[in-house]
Structure formats: C-alpha cells, structure tokens
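The opening position of the sequence shown corresponds to residue 1 in full-length UniProt numbering, with each subsequent residue numbered one higher.
Each residue gets a CB set at the ideal place from its N, CA and C atoms; glycine is no exception.
Bear in mind that the values here come from a model prediction, so they are computed numbers and not experimental data.
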Amino acid sequence: MAAIAWIGLGNMGGPMAANLVRAGHAVTGFDLSPAACDAARATGVAIAASAAAAAAGAEVVVTMLPAGRHLVEAYEGGLVAGAPAGALFIDSSTVDVASARQAHDLAAGAGMMAVDAPVSGGVGGASAGTLTFMAGGTPAALDRARPILAAMGKRVVACGGPGAGQAAKMCNNMILGIAMIGISEAFVLAEKLGLDHQALFDVASTSSGQCWALTNHCPVPGPVPASAANHGYRPGFATALMLKDLTLARDAAAAVGAETALGAQAREIFARFAESGGAALDYSAVIGAIRGG
Ligand code: NAD
Numbered sequence: 001m002a003a004i005a006w007i008g009l010g011n012m013g014g015p016m017a018a019n020l021v022r023a024g025h026a027v028t029g030f031d032l033s034p035a036a037c038d039a040a041r042a043t044g045v046a047i048a049a050s051a052a053a054a055a056a057g058a059e060v061v062v063t064m065l066p067a068g069r070h071l072v073e074a075y076e077g078g079l080v081a082g083a084p085a086g087a088l089f090i091d092s093s094t095v096d097v098a099s100a101r102q103a104h105d106l107a108a109g110a111g112m113m114a115v116d117a118p119v120s121g122g123v124g125g126a127s128a129g130t131l132t133f134m135a136g137g138t139p140a141a142l143d144r145a146r147p148i149l150a151a152m153g154k155r156v157v158a159c160g161g162p163g164a165g166q167a168a169k170m171c172n173n174m175i176l177g178i179a180m181i182g183i184s185e186a187f188v189l190a191e192k193l194g195l196d197h198q199a200l201f202d203v204a205s206t207s208s209g210q211c212w213a214l215t216n217h218c219p220v221p222g223p224v225p226a227s228a229a230n231h232g233y234r235p236g237f238a239t240a241l242m243l244k245d246l247t248l249a250r251d252a253a254a255a256v257g258a259e260t261a262l263g264a265q266a267r268e269i270f271a272r273f274a275e276s277g278g279a280a281l282d283y284s285a286v287i288g289a290i291r292g293g
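The following block contains the structure:
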C-alpha cells in the first residue's frame, strides 16, 4: 500500500480519495476549501496544512483540480519541490493539452515520473469506483500508475505519451456534445412531425441512429428511465462541464489547425444554453434550447 498525497478534494476528488483509503492506502490531502477538507477527513483522509506538506513523504501525488492554470500553479507552487525524489505524479483533472505537457515537464525536470489521467464517469463513477481513466505518459510511468488508478476505476486506457490522455478526453467529449445536439434536433423534429418520442427511440436505438448518448442520456422523459430527463435534468453531466470540454477542444483545434466545424457549433449552442440559465442542468437539457422553450 502506498503513501498518497491528494490535492483537490471536490466533487470528484473527494470520493476518489475515499476509494483509495478504502483500498488500504494512506492518503494525505489538501484543498483550499475547508468544507472539502472536512468532508474528506470524515472518509479517512488525513488533512495537511498545504499542498507541499501533503506531498512530503508521498510516493504518489494525485491532483484533481478545476483547470490547467490551477494544475501548473500547484506544481510550480511547491508540490513538485515538496515531494520526495522519485515520486509519481498523476493528474486526473480535465485540462488543456499544453498545461498537461507543462506539468509533465515540471515533474520530469525534478526527476519525477508523471501521468495525465483524466476521467469519464462523473461523480457517480467517482463514488462507485467505476471511472474510466484515459492515461498519457511513458510506459514506465503508466505501469506505476495502474494499480493506483485501478482502486478508483474499472478501466485504464493507455492513450500514448504525455498529454495523450487529455487529448483523448477532449476528442471523446466533443463526440458526445455533437451527438447530444444531433439527438435533440431529431427529437424536436419528430415532435413537430407528430412522431411519438418512444417510437423514435425504438427505431433509432435499434437502427443506424443508435449511439451511447441516445441509449444512456436520452434527452426526453420516458424511453430511458435513468436518464436526467426523467429527473428534472439534474446532472449527471452538467452543461457547464460539457461547455468546458468543448472549449478545450475548440482551443486545441485552433492550436493545431484542425477543422472541427460541428464541435465549434455544438460549443456555441451549449454556451448560449449555459448563459440562459442552463449551466447547472444536465447537458441533455439543451434540448429545451433547441426546442426554443
Ligand atoms: P470541484 O470544483 O468540485 O473540485 C475542485 C476542487 O479543487 C475544489 O474543492 C477547490 O477548492 C480545489 N482547488 C482549487 N484550486 C486548488 C489548489 N490550488 N489547491 C488545492 N485545492 C484547490 O470540481 P470537480 O467536479 O471535482 O472536478 C475536478 C476536475 O475533474 C475538473 O477538472 C473537471 O473538469 C473534471 N471532471 C469532473 C467531472 C464531474 O462530473 N464533476 C467529470 C469528469 C471530469
């Protein structure tokens, strides 16, 4: 069992760190929010006075922070310097590829191994320990990270070198965002044509329109009982997070000159929906904006 430092004990980091405690690891955490620290303490995480203090003595340092600037600031602000020689750095936040690579470089510059390992599965998957990790780093770093990630998820996909995990995450979520817009447009068109929701679902879910977003996150109430549409569009996967991921994809596409017209348009639609009050709703609630209601 390993001594693990955990920085960022929020909605995702809190339950993920708790799963490491459950697996028998000694976890020392830090978060700027006292409430997040209190909640983590109640699950068995020891709380340190700073990120650097949490990292002192750690074999593995995990970060679960809001965005790239928080990650780089944490690494530069004492996290890397505070960790013992040879520590493994894992970042599971969703950040831009450039920040992920900068974090790898900062760790490597101090002689440490690093892995970018963003997740899919949301707060439910974080609590249940069923996340999917998309991992980028050297094969040796990925080998070291695997047993730690396995205590928090059901799958670890090795995506390539530094930053490849973040690249995979944003490409996957761009597909998801575009898919939800397409599904929503189809249901709205069906409504105007007098076609029943269930009839469209029964056809599309067993025909060439079939896709994961339709069969898991169907945006209208009825066909998929567990979908957010049946529960007041409580997330689930919040529109604000979808917008974040589509913005990362847009910026990455601009940086490398990739043509992502539908990704950019999906981002615009989610941005307008978020601005008009949808940010905290599940991303499938975007059907309301498409319907014009
Ligand atoms: P959150 O806002 O609940 O948690 C982030 C935590 O980081 C907060 O508690 C905040 O106080 C803390 N923090 C910020 N700066 C810090 C610093 N310098 N030092 C210590 N703590 C600091 O966010 P979340 O929902 O847990 O998401 C975390 C990451 O996971 C994000 O990058 C997000 O995009 C990604 N993610 C979230 C979900 C989801 O469903 N919530 C799903 C997949 C990926």
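By the C-beta density criterion, Val256 is exposed, having fewer than 16 other C-beta atoms within 10 angstroms. Closest by C-alpha distance to Gly137, out of Met1, Met152, Met112, Gly125, is Met112.
Collapsing the DSSP output to three states places Ala2 in coil.
Residue Ala141 holds the alpha-carbon nearest to the alpha-carbon of His104 among Asp38, Ala141, Thr28, Lys192. Taking Ala240 as reference, the option from Ala213, Ala271, Pro223, Val188 with the minimal CA-CA separation is Ala271. Met170 places its beta carbon less than 7 Å from that of Leu248.
Selection His70, His25, Tyr283 evaluated against His217 yields Tyr283 as nearest (Cα-Cα). Scanning its chain for C-beta atoms nearer than 6 Å, with the 5 sequence neighbours on each side dropped, one finds around Arg144 the residues Leu88, in chain order. Using a cutoff of 6 Å, the CB of His70 counts as near the ligand NAD, since one of the ligand's heavy atoms is closer than that. DSSP lists no bridge partner for Val286.
Distance from the CA of Asp202 to the CA of Cys211, rounded to the nearest whole angstrom, comes to 13 Å.
Residue pairing from DSSP leaves Ser227 without any beta-bridge partner. Relative to the ligand NAD, the nearest heavy atom lies less than 6 Å away from the CB of Met64. Beta-bridge analysis with DSSP links Ser120 to Thr132. Using a Cβ distance threshold of 7 Å, Ala51 and Ala36 do not count as a contacting pair.
Under the rule that a run must span 3 or more residues, no beta strand (DSSP E) segment is found entirely inside the stretch 177-243. Here Val61 has Ala5, Ala55, Ala83, Ala87, Phe89 as same chain residues with Cβ atoms under 6 Å from its own Cβ, once five neighbours each way along the sequence are excluded.
For Ser284, the distance from the CB to the nearest heavy atom of the ligand NAD is not below 6 Å. Distances from the CB of Ile148 to the heavy atoms of the ligand NAD are all 6 Å or more. Leaving aside the five residues that flank Ala274 on each side, the residues in its chain whose CB is nearer than 7 Å to its CB run, in chain order, Thr239, Ala240, Leu243. Boundaries of the alpha helix (DSSP H) around Leu20: 13-22. Pro225 and Ala213 have their C-alpha atoms roughly 14 Å apart. Under the 10 Å beta carbon count, Ala261 is surrounded by fewer than 16 other beta carbons and is classified as exposed.
The closest heavy atom of the ligand NAD lies less than 6 Å from the beta carbon of Gly8.
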